[in-house]
Amino acid sequence: MPLPQDAEILHTARFLELRRTGRWEYVQRCNTGGGAAFMIATTAEQELVLVEQLRPAVNQRVIELPAGVVGDEHHGEAPIEAAKRELEEETGFRPGRVTCLHDSPTAAGLTSEWAWYFRMTELTRVSAGGGVDGEDITTHVVPLGEINAWLSQRKTAGCAVDWRIFAALHWIEHGEH
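Here full-length UniProt numbering is used: the first residue of the sequence shown is 1, the next is one more, and so on.
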């Protein structure tokens with residue numbers, strides 16, 4: 001997506017810039033493809049693949065869809081390629097079928113970041129997953145029929161539950177459109 005050309009850069013860090021356009025301040029990813037890929041991956045046994053990891057910004061372990069930054073390590077990487085790579089790195093699953101369901105801003109009032117949502121099926125387990133470069137990611141494979149109770153248990157245990165999981169469940173139940 002085209003970004004404002006008149007933005008003032010207030011601060012630059014390794015992966016983020018704080019910018020201002022007029023009176024509006026927002027965060028922009030730098031050195032990346034401008035967004036993140038989120039994977040809605042289900043097994044042939046009707047299980048949803050989720051990840052759990054500590055998120056320092058909220059100081060809490062969070063249950064999430066597998067996801068990753070587009071182009072952070074591979075300049076010019078397409079979102080679909082980032083999605084396939086990240087699913088394998090984080091969960092150890094390789095998808096046989098991938099469909100882009102939707103793309104949108106992640107939080108338009110806060111960041112210029114864009115999100116792509118991919119439906120992934122025909123999964124093959126090729127490794128243990130867990131992330132790369134010191135990431136501490138736990139993979140959960142949860143039967144769809146038990147997902148609401150399981151998420152409630154994880155929340156009671158102190159984990160935050162990302163809202164995108166509920167959007168993913170809607171897409172799984174109602175199809176790709």
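Where a beta carbon is used, it is the ideal one built from N, C-alpha and C, also for glycine.
- Of the residues assessed, LYS155 falls on the exposed side of the cut-off, its CB having fewer than 16 other CB atoms within 10 angstroms.
- Under the 10 Å beta carbon count, PRO66 is surrounded by 16 or more other beta carbons and is classified as buried.
- Pairing LEU48 with VAL142 gives a Cβ-Cβ distance under 7 Å.
- In this structure, LEU144 sits near GLN46, with a CB-CB distance shorter than 7 Å.
- Look at the beta carbons and you see the stretch 5-15 not touching the stretch 84-95: under three pairs across the two are nearer than 8 Å.
- For THR138 against VAL58, the beta-carbon gap comes to about 17 Å, at or over 8 Å, which does not count as contact.
- Counting only residues of its own chain and dropping the five nearest sequence neighbours on each side, GLY134 has no CB closer than 8 Å to any other CB.
- Of VAL132, CYS100, SER127, the smallest CA-CA separation from THR121 is found for CYS100.
- Taking C-beta atoms under 8 Å as the contact rule, VAL69 and ALA107 fail to qualify, at a distance of about 15 Å.
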